[in-house]
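Student: 404 is the number of the first residue of the first sequence in this note's numbering; add one for each residue after it.
The structure follows.
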Amino acid sequence: MDSERRAKLEATTRYDPAEVEGRIYAGWAERGYFTPAAEGTPDENFSIAIPPPNVTGSLHMGHGLNNTIQDTLVRRQRMAGRRAKWIIGTDHAGIATQSVVEKELRKEGVDRHELGREGFVERVWEWREQYGGRIVEQLQRLGASGDFANERFTLDDRYVAAVYKVFVALHEKGLIYRDNYMVNWDPGSHSAISDLEVENREVEDTLYSIDYPIEGSDRVLTVATVRPETMLADTAVAVNPGDERYRDLVGSHCILPLVGRRLPIIADDHVDVEFGTGALKITPGHDPNDFEIGREHGLEEISVIGEDGRLTEAAGPAYEGLTAAEAQERVVADLRSAGVLAGEEPYVHSVPFSHRSGQRIEPLISLQWFCRMDELAAPAIAVVREGRVRFTPERWERVYLDWMENIRPWCVSRQLWWGHQLPVWYCDDCGTTIVAEREPERGTCGSCGGTLRRDEDVLDTWFSSALWPFAALGWPEDTPELRAFYPTDVLSTARDIIYLWVARMIMSSLEFLDDVPFADVYIHSVIQAPDGRRMSKSLGTGIDPLELIDSHGADALRFGLLAMSSSQDVRFSEAKVQQGRDLANKLWNASRLILLNAGNSSPAPATDAVEDRWILSRLERTAELVGSRLDEYDFAHAALELYRFVYSELCDWYLEIVKPRLYDGPEAGDHCAAENLLHVLGRTLAIAHPLMPFVTEEIWSYMPARETELIVAPWPDADRSRFDPEAEAEVAAAIELTRALRRWRELAGVTPGSPLSARAGAPVHPLVARLARLELDGDGDRGGDAVAVVGTIEIFPSEHLDPDSVAARIEEQRERLRAEVARAEGKLGNEKFVANAPVDVVDGERDKLERYRAELEELG
RNA sequence: GGGCGCGUAGCUCAGUGGGAGAGCGUCCGCCUCACACGCGGAAGGUCGCUGGUUCGAAACCAGCCGCGCCCACCA
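As structure tokens, then:
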């Protein structure tokens, strides 16, 4: 280390992440560590595909955790010597992005329709050029070692080609089809959306009861509804086939009030006898349930509400043009004056809302493109059942399977402009529909030569996301990247997109690449706000990860997130981030101690002194433990185990123990301490690197005899030959004795600075004497008797001892020992315990009892 | 309606059959020549409730109470 760097190290008593992180990161990127060669096989290589964040996104805590997890895994494997590729990219995020740009246009007073489709899409691309890189830059601040040089976007030309290939292939297979079907219409985005984009919310509505007169009778059938305006589209009334009250009416008709239409009275199992009057009005055009019943019974489907949310011509002149809400008011008023409104009462029920726009879903029948899923699902169910794809935590496997086993058709068309426009053309002249990867030549119909019209719709964003891991590697072309890195190893994500994304990736990969997309799915915890609410910008409960990086450093945030993560939801804890910051600082200062006192030593394990063997043993156990925790996706324990080793074992004990040897220094002849310290430090930094890459790389740059940067230094596989139970036991005993003496001193009122006059009853490790500040009497020539015995140490009276405190302390000790003796005696006095408990447990109790009795005796 | 998860120290969480743990916070003492983002020490818990299984339960089983999430077509 040159004198300038040495001076810097000496002067920097606090680790300063802001000074380090940008510089270190730029170095890594410059040297190309993030882009592995596309060579070798997927088995020997390692890859992860990032859940591509929305281009419109900015880094939130969920990204923070998920990407820290992925980066930790990637760094670990890169150090293990594998070509490690973290596939990076962003998602075009159809509705989200379109809304952002529309909002921007609105500020300029422009409606997207004024620009036209082409102009608008161009505008979105411009927006993406300008702002789309934000989230990617934010990932880099976290320390993400992804392959940013090969960043992908789900609307790149090559990616679009993959999407079209899949669409066309599924269409040819008959799985993708066009149909008039009940969809979730989102008035907010003015598009159909899939079932998965709908969320149910509890809402208080009014439940209206309406009398439908029965034809040829003066009886009425009373039906209940929360949406009276939809009655205009009723085409039947249903009762349960087993319902005695109405058995005679099945087959006859009633008359729809206000409209006068004859409605058949039908019998259907869906009808709940218990609910209301047991008679259900059937509106196939505006209720998903009624739609099913209608199709089963071949009922007429009438649409009275259009895609603009207004009543259509079919609703009749009195209502046409009204909004649904206005129509409801009018219908209720008309029913009342007609004297058929039998009742109204408040009613709480769950109602579908658009996840995206937040608006209430309008169920209606619409001509859309669908994908049948059952055939695709079957093999995707099988690979999970067979364990070719494993979920961690395991319980998500059931969640996945339950959904897959009841999968329903997927509405894939969206009435948006931003996205993959359907590769579908229509000939209005001859009625031909062409589904093709490329636009037909000259845009004309092959059959009749007529002009083709392209379908205006785009695909659901998740349709393209489903292809992410392989399309991002260049599929359908047979690229070197695909050959080297597919299938990927792990997918790390949050549970809310298991259906939307994870399941669909598995299905598409099996269908098109005949293989699973990844072997492991890790479902990480959801980080809630500190008060337990959802962390969200709109609730004002969000905490910005970037601010935490600014204040505490990226390593601190990474450590904190990993340490607080769990197999369940957790509340965000800034204390854990601070713990990470403290650990970074601790590593930094421990390193200063070692590096500034190591002279010209090089790292090498030393095994002469028992404390050296001890720390080596503890180090290797830590390497093993942290490694296996990471293998198990148990990041919290990996992080906390690292923290424990660095603080408790390395710093609190080993460094304190070897300080004298280090200070006496290599110059005085003890190279071992420095060499061993450098060895231990190096391996510790390597273990810590995947979790805390910046501080470890920075310290590493001061290490003598390093061959590479830490990011590509070998991962420290545990060297079990260094496990040393004897050294561990010996040092553990010395530590325990030291702590007992410190405790005794504190409680006996001896000030920390003053030495204790003592005699060792048995050989005692010199470190105990030093760390507990004992003045050991070599020849045993002491005036007076010992005032106390702590372990094997007799303590003599001295001017520092307060006799009353000592007496009180001893009595306290006696009490504790008596209680312990009583507990052990009780246990051993229980015949059943002695008879049934395992031998080692019983023996353990016996040993304890013996020890406590002996200690008690010593106290007198 | 069904499913999953959770209830342990003031706070956030570990702990899945043999003496209740960590971090933060609190209290006491230390600016000891790596670090006050530090060092040493301490206090603090009928492990949601009730039964059961067991020699032994925070852990396993059952029921209950409370909280959260997911799925579901009772209008």
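For glycine and all other residues, C-beta sits at the position ideal for the given N, C-alpha and C.
Keep in mind it's a predicted model, so treat the numbers as computed, not measured.
#1: Can you give me the Cβ contacts of Ala993 inside the same chain, cut-off strictly under 8 Å, excluding the 5 residues immediately before and after it?
#2: Output the distance between the C-alpha atoms of Gly1183 and Ala1007, rounded to the nearest integer angstrom.
#3: Could you compute how far the alpha carbon of Phe551 sits from the alpha carbon of Phe437?
#4: Are Phe449 and Ala487 closer than 8 Å when you measure CB to CB?
#5: Excluding the 5 residues flanking Pro1119 on each side, which residues of the same chain have their C-beta closer than 7 Å to its C-beta?
#6: Out of Ser655, Ala721, Thr625 and Ala670, state which residue places its alpha-carbon closest to the alpha-carbon of Val662.
#7: Applying the criterion that 16 or more other CB atoms from any shown protein chain within 10 Å of the CB defines a buried residue, is Arg984 buried or exposed?
#8: Take Asp514 and list the residues in its own chain whose beta-carbon comes closer than 8 Å to its own, dropping the five residues that flank it on each side.
#9: What would DSSP say about Asp608, mapped onto helix, strand or coil?
#10: I need the straight-line Cα distance from Asp947 to Thr686, nearest angstrom please.
#11: Just verifying my parser: in three-state terms, what is the DSSP assignment at Gln824?
#12: Any idea what DSSP makes of Leu1066, helix, strand or coil?
#13: Is the beta carbon of Gly688 closer than 8 Å to that of Ile669?
#14: Check this for me: beta carbons of Ala1152 and Ser1208, under 8 Å apart or not?
#15: So Cys657 is in the alpha helix (DSSP H); what residue range does that whole segment cover?
#16: Could you tell me which uninterrupted alpha helix (DSSP H) segments, each at least 4 residues in length, are contained entirely in the stretch 1223-1250, listed from first to last along the chain?
#17: In three-state terms, what does DSSP make of Arg417?
#18: By how many angstroms is the C-alpha of Met938 removed from the C-alpha of Ala1108?
#19: Output yes or no for whether 8 Å exceeds the beta carbon distance between Gly591 and Gly712.
#20: Pull up the distance between the alpha-carbon of Leu744 and that of Pro455, whole angstroms please.
#21: Kindly provide the ranges of any alpha helix (DSSP H) runs that are 4 or more residues long and lie completely inside the stretch 664-714, ordered along the chain.
#22: What is the DSSP secondary structure of Ala1257, counted as helix, strand or coil?
#23: Would you identify the three-state DSSP class for Asp1122, choosing helix, strand or coil?
#24: Grouping DSSP H, G and I as helix and E and B as strand, with all else coil, what is Ala636?
#25: Exposed or buried, what is Phe678 when buried is set at 16 or more other beta-carbons lying within 10 Å of its beta-carbon?
#26: Please classify Ser968 as buried or exposed, where buried requires at least 16 other C-beta atoms within 10 Å of its C-beta.
#27: Among Glu859, Trp813 and Val1029, which one has its Cα closest to the Cα of Tyr1046?
#28: Compare the Cα-Cα distances from Leu1252 to each of Gln824, Leu1231 and Asp646 and report the closest residue.
#29: Expressed to the nearest angstrom, what Euclidean distance is found between the alpha-carbon atoms of Gln501 and Val563?
#30: Is DSSP giving Leu870 helix, strand or coil here?
#31: Between the stretch 535-549 and the stretch 874-882, are three or more C-beta pairs nearer than 8 Å?
#32: So for Leu599, helix, strand or coil by DSSP?
#33: Can you name the residues that DSSP bridges to Leu1179?
#34: When DSSP builds the beta bridges, which residues end up paired with Gln541?
Tutor: In short, the structure shows the following:
#1: Excluding five sequence positions before and after Ala993, the CB atoms of its chain that fall closer than 8 Å to its own CB belong to Val1049, Leu1053, Cys1054, Leu1058 and Leu1084, given in chain order.
#2: Confidence in Gly1183 is poor, its pLDDT being 48 and thus under 50, which makes the residue's placement unreliable; the coordinate value appears in the next sentence. Roughly 40 Å separates the two Cα atoms.
#3: So the alpha carbons of these two residues sit roughly 7 Å apart.
#4: A contact, by the Cβ cut-off of 8 Å.
#5: Around Pro1119: Ala1026, Arg1086, Ala1089 and Ile1090.
#6: For Val662, the nearest C-alpha among the options comes from Ala721.
#7: The residue is buried, with at least 16 neighbouring Cβ atoms inside 10 Å.
#8: Counting only Cβ-Cβ distances below 8 Å, and skipping sequence neighbours, we find Leu508.
#9: Under the three-state reduction of DSSP output, Asp608 falls in the strand class.
#10: Going by C-alpha positions, Asp947 is about 48 Å away from Thr686.
#11: Note: Gln824 maps to strand in three-state DSSP.
#12: With the sequence shown as reference, residue 1066 is identified as Tyr, and Leu is not the correct amino acid for it. The three-state secondary structure of Tyr1066, taken from DSSP, is helix.
#13: No, the Cβ-Cβ distance between Ile669 and Gly688 is not below 8 Å.
#14: It is Gly, not Ala, that sits at residue 1152 in the sequence shown. In contact: Gly1152 and Ser1208 (Cβ atoms closer than 8 Å).
#15: No alpha helix (DSSP H) contains Cys657, which is instead part of the beta strand (DSSP E) from His656 to Ile658.
#16: For the stretch 1223-1250, the continuous alpha helix (DSSP H) assignments of 4+ residues that do not extend past its boundaries occur at 1234-1239, in sequence order.
#17: Three-state DSSP puts Arg417 in coil, outside helix and strand.
#18: Taking the straight line from one Cα to the other gives about 46 Å.
#19: Between Gly591 and Gly712, the gap from beta carbon to beta carbon reaches 8 Å or more.
#20: Roughly 53 Å between the two C-alpha positions.
#21: As far as the stretch 664-714 is concerned, its whole alpha helix (DSSP H) runs of at least 4 residues are 691-700.
#22: DSSP, reduced to helix, strand and coil, places Ala1257 within a helical segment of the structure shown.
#23: Correct three-state label for Asp1122: coil.
#24: Ala636 sits in a helix when the DSSP states are folded into three classes.
#25: Around the beta-carbon of Phe678, fewer than 16 other beta-carbon atoms lie within 10 Å, marking it exposed.
#26: Classification of Ser968: buried, given that the 10 Å Cβ count is 16 or more.
#27: The candidate whose alpha carbon is nearest that of Tyr1046 is Val1029.
#28: For Leu1252, the nearest C-alpha among the options comes from Leu1231.
#29: Going by C-alpha positions, Gln501 is about 18 Å away from Val563.
#30: Coil, per DSSP.
#31: Counting C-beta pairs with one atom in each stretch, the stretch 535-549 and the stretch 874-882 have fewer than three that are closer than 8 Å, which means they do not touch.
#32: Leu599 falls in the helix class under three-state DSSP.
#33: Leu1179 pairs with Ala1161.
#34: None, per the DSSP bridge assignment.
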